[in-house]
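In this note's numbering, the protein residues as written are 118 to 372.
Think of the CB as a built atom: it goes at the ideal place given N, C-alpha and C, for glycine as much as any other residue.
The next block holds one structure in the form of structure tokens; read it before the comments.
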């Protein structure tokens, strides 16, 4: 009955008020979907629901979404696998994804973010926290992105195609690694602390430990090591990290 009242009142809102953000909930537990719907609809969000990846895929082909709330444990294809599919399949920027899960270990959070999730919320969560995190992620994703290609000594990042290459050969990066490299290449020759990197890359509302930065730095360096470009990412003792494009050139000159 309460849900019916919320839905009825929302449809009576003026058209200009209804032009709000559309959210897709991908969750197999009806009670959780209803709780999220009841907490978000009064705030003006348009809500669609799916209880599995196949149903969500159909909705994604029918509507443009501003955000996806993705449960990790889905029947059939897991939310983790489906998140990777969404992020890798889209040529244009895909909608941001917040992972919803009872998994609270740091390794699970790293895996979730590595799959392409923009934020990670552990169950149980309060409707107030969820609304705040949704607002922050949508705001962050709608910031105008610089479409200028970045190129340092053969390491090229193309924001339009969302692609990174080494001397013309494309390389595979996870969404988190791509975002981290994009930040570094856009802000060369400046040292950043781990907390600053978290704020800039994952957002100041993402509840991620600072050690997550070290994990992704290590993975990014491993990918770039084949060409020696891992030397660009320097550890600044007592501070954090710095991206120094001249480092590779200096190393070659001294060899």
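Between residue 289 and residue 318, what straight-line distance do the alpha-carbon atoms span, to the nearest angstrom? Residue 289 and residue 318: Cα-Cα distance of roughly 19 Å.
How many angstroms separate the CA atom of residue 215 from the CA atom of residue 357? 27 Å
Report yes if the C-beta distance between residue 287 and residue 278 is below 7 Å; otherwise report no. Taking the C-beta atoms as reference points, residue 278 is found no nearer than 7 Å to residue 287.
Is residue 165 near residue 141, with beta carbons less than 7 Å apart? yes
How many Å lie between residue 253 and residue 235 at the Cα? Taking the straight line from one Cα to the other gives about 10 Å.
On a Cα-Cα basis, can you pick out the residue from 212, 231, 217 that is closest to residue 256? Of the candidates 212, 231, 217, the one whose C-alpha sits nearest the C-alpha of residue 256 is 212.
Could you give the DSSP three-state label for residue 182: helix, strand or coil? Correct three-state label for residue 182: coil.
Between which two residues does the alpha helix (DSSP H) harbouring residue 254 extend? 244-258
Reference residue 244, options 342, 158, 354, closest by Cα: 158
For residue 366, is the classification buried or exposed, using 16 other Cβ atoms within 10 angstroms of its Cβ as the cut-off for buried? Only weak support is given to the placement of residue 366: the predicted model assigns it a pLDDT of 45, under 50, and the value that follows is read from those uncertain coordinates. Residue 366 is exposed by the Cβ-count criterion.
Between residue 285 and residue 241, what straight-line distance do the alpha-carbon atoms span, to the nearest angstrom? Each residue's Cα considered, the two are about 46 Å apart.
Grab the span of the alpha helix (DSSP H) containing residue 157 for me, first residue to last. 147-157
Within this structure, are the beta carbons of residue 232 and residue 197 separated by less than 7 Å? yes
Use the C-beta contact count for residue 355: other C-beta atoms within 10 angstroms, 16 or more gives buried, fewer gives exposed. exposed
Identify whether residue 358 lies in helix, strand or coil by the three-state DSSP scheme. strand
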